[in-house]
Structure formats: C-alpha cells, structure tokens
Amino acid sequence: MKAASVRFTVVGWWASTAIVNIVLPASLPTQSPSRTIVAQVDHVMIRTNERERIVALLADTLKLPVVWPLPGSTWTFSTGLALGDLNLEITPSQRAIDTQLGDIAFQAVDFDSASDRSKQRGLDPRDPGGYTDSAGVKRWSTLGFRHPFAGTAFFVVKYHQFDMNERRTRFNNALRERKGGPLGLRRIVEFRLAYAPDSLAAARESWERLIGAEKVPSDRFAPPAGPAIRLVSLSGPRASSMLVEVESLAGAKRAAKSLELVLSSHRDSVVLDPARFGGLRFTLVGPSKSP
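Quick note on our numbering: the sequence shown kicks off at -11 and runs consecutively.
See the structure below:
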C-alpha cells in the first residue's frame, strides 16, 4: 500500500497499459532469485475517479476480499482488494481520466539490500520512502527507481507490522473459500504494459535489470512467483490490461454474460467490458498448467 504523493518520495509516475486480446502462454517461466531484485508483485495501484463504484463492483459483485481498510481503521486514502496472490489498490485520481493501471509494487527478495543490488544492476534508486502513522509507528518502507522512459513504474515495498507472505496466503485462501466469486477468479497471470515505440527499448532494459529475462532481448519478464510482466508497443490510446485465470472458462463466460460484463467472447478467452470498469481491462482465461 502507498500513501498520497505528499507522503512519499516514490511517486509521480503514472501510466496506462493496453491490449485488445490476450492469449495465455503455454507456460510461465520463472527467474532464480539470484537473477532478480524482486520476489513477486505485492500490489498494483489502480487510479480512478470512480472509486466507490469500482470498489463496489469488485468487492460486492465479484466478491474480491477486502484487505484494507479493516473495520475500525482510520485509513481512507485507498482500498485494497485481494485477487489471488496480489492486491489491487484502488486509489482516487485527481484528474478526470479512465480507470487505469498505475505503479506496480513488488516484494523484494531482500529489501535491505535492494538499493545496493539495484545499483549493481544499473538501476538508479531513489531515496527510500515510506509511511509513518500519526502515532509515530513506521508502517512500511518503499524504494523507487528513476526511469529514462515514460510508462508504468515499479518500486519495492516492505511492511513492518505484518508478514507479507502470511497475509498474501490468508487472503488468497479467502478468495478460494468464496470459489473466486461468480466468475471463479483465481489469480492474475500477466500484466500487459504499453509503452510508446520510442521508449520501449529503454523500458525493456530497465525491466530486465529489475527482474531478468530468460532470453535477451525479451518483452516478457517473470519474477520467481506471481504474474509476469509483458511489454507492448502501442502508439494509439492507452488502457490498462490484466490477464486473469479463472476456475472454469465456460462458467466464467456464463456468469459474465449474466452480469452484463462481456465485451467479446472467444474460444480461449473472454474480454470483460472496460466500460463497466471505468476503462480498466480484464481478459479471462481458463486454468493453465503453470503453478
């Protein structure tokens, strides 16, 4: 979770991503922790000027578990919802824009050495940031990176009041207990991030330094766990996109149609209507053979 920009040194890079249709890869290659600074995605920030409606759709209609704020909490900046092994952080936007993918927060393999390791790999880390509450308790720390390109940015986060792996498992289990809600949602398999053609090469280089790639050059980067990142060159209008695995594609198609969420249906996928999500794009696919 990340607070408003006034509380952070790691802020200010907002971008969108795009895709029209996505085909699930046959397998999801993973990287050895020794080749990457990050372990997996912890949460992704979603900017919207329709926060209440988007949260209601995801939490009440699609039954995603609410991770924060917990009952009795005074936190009001954002709402966190669990989708598999990561969280969606719904944050208010100060501009009249479509609901869009923002920064991606990773759990580091080792947060304390992340700055030094990132320098060794040619990244340019910013000064550490974070959030301390009104009682003077340090809640989390962040480390961001300067980018030579325009596009979705990344940072690493460490929470001080709970175990990140335990919380992830607990809310993943909560989603499973709900059978993934009416759509049978399991997890995000892949993020598609769009960059202008003239900045794609620089973006590719920075993502490779952060995560590593099985082959170079590559536009797909898979941390040791969780969803992969795929870069897309796009010169037209930009919109966010996530590839989501469901329990049963046939069942998800029926439920999405009943809820009037379908934009287009295909043999191997169903694309949800971005208009229902304020512009945010989800493509649903059936169970994969990947872990």
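Glycine is no exception: its CB is placed at the ideal position from the N, C-alpha and C atoms.
According to DSSP, is residue i helix, strand or coil?
i: K245; result: helix
i: V97; result: coil
i: V43; result: helix
i: F142; result: strand
i: R255; result: coil
i: R174; result: strand
i: A70; result: strand
i: D86; result: coil
i: D186; result: helix
i: W213; result: According to the sequence displayed, residue 213 carries Ala and not Trp. Looking at A213 - three-state DSSP - the assignment turns out to be coil, as it is neither helix nor strand.
i: D91; result: strand
I want to check one thing, is the minimum distance from the CB of residue i to the heavy atoms of the ligand PLP below 6 Å?
i: S187; result: Ligands displayed in this structure: none; no statement on the ligand PLP is therefore possible.
Would you list the residues sitting across from residue i in a DSSP beta bridge?
i: M230; result: F179 and F270
i: D112; result: R134
i: P80; result: T36
i: R218; result: R180 and R208
i: I199; result: Its beta-bridge partners do not exist; DSSP assigns none.
i: L260; result: V250
i: K126; result: T120
i: H31; result: N75 and A93
i: W56; result: G68
If we ignore side chains and look at the alpha-carbon of each, how far apart do residue i and residue j end up?
i: I10; j: K245; result: Annotation note: pLDDT 31 at I10 (below 50); position unreliable, coordinate value reported separately. The straight-line gap from Cα to Cα measures roughly 19 Å.
i: D151; j: D261; result: 36 Å
i: I92; j: V32; result: 5 Å
i: G266; j: T62; result: 27 Å
i: N153; j: G214; result: 12 Å
i: V259; j: A182; result: 18 Å
i: T64; j: T79; result: 10 Å
i: P170; j: G60; result: 28 Å
i: R264; j: S236; result: 22 Å
i: S101; j: F142; result: 17 Å
i: M230; j: A243; result: 19 Å
i: P116; j: A123; result: 20 Å
i: R156; j: N75; result: 8 Å
i: A201; j: K126; result: 34 Å
i: D86; j: R39; result: 11 Å
i: S276; j: A238; result: 14 Å
i: R109; j: G90; result: 24 Å
i: T184; j: H148; result: Contrary to the premise, residue 184 reads as Ala rather than Thr in this sequence. Those two C-alpha atoms are separated by around 37 Å.
i: T140; j: G274; result: 27 Å
i: A162; j: H135; result: 36 Å
Compare the beta carbon distance of residue i and residue j with 7 Å and say whether it is the shorter of the two.
i: I25; j: R105; result: yes
i: R180; j: R208; result: no
i: P212; j: I199; result: no
i: Q88; j: R41; result: no
i: L188; j: A240; result: no
i: G172; j: V234; result: yes
i: G29; j: F133; result: This sequence places Val at residue 29; Gly is not what is there. Cβ distance not < 7 Å, so V29 and F133 don't count as in contact.
i: V220; j: I176; result: no
i: V55; j: F159; result: yes
i: K51; j: R174; result: no
i: A191; j: V97; result: no
i: E178; j: A216; result: yes
Hey, does residue i have any beta-carbon neighbour from chain B nearer than 7 Å?
i: H254; result: Looking for chain B here will not work: only one protein chain is present.
Is the segment 35 to 46 close to the segment 62 to 72, with three or more CB pairs under 8 Å? yes
Given 8 Å, three or more beta-carbon pairs between the segment 252 to 260 and the segment 181 to 201: no
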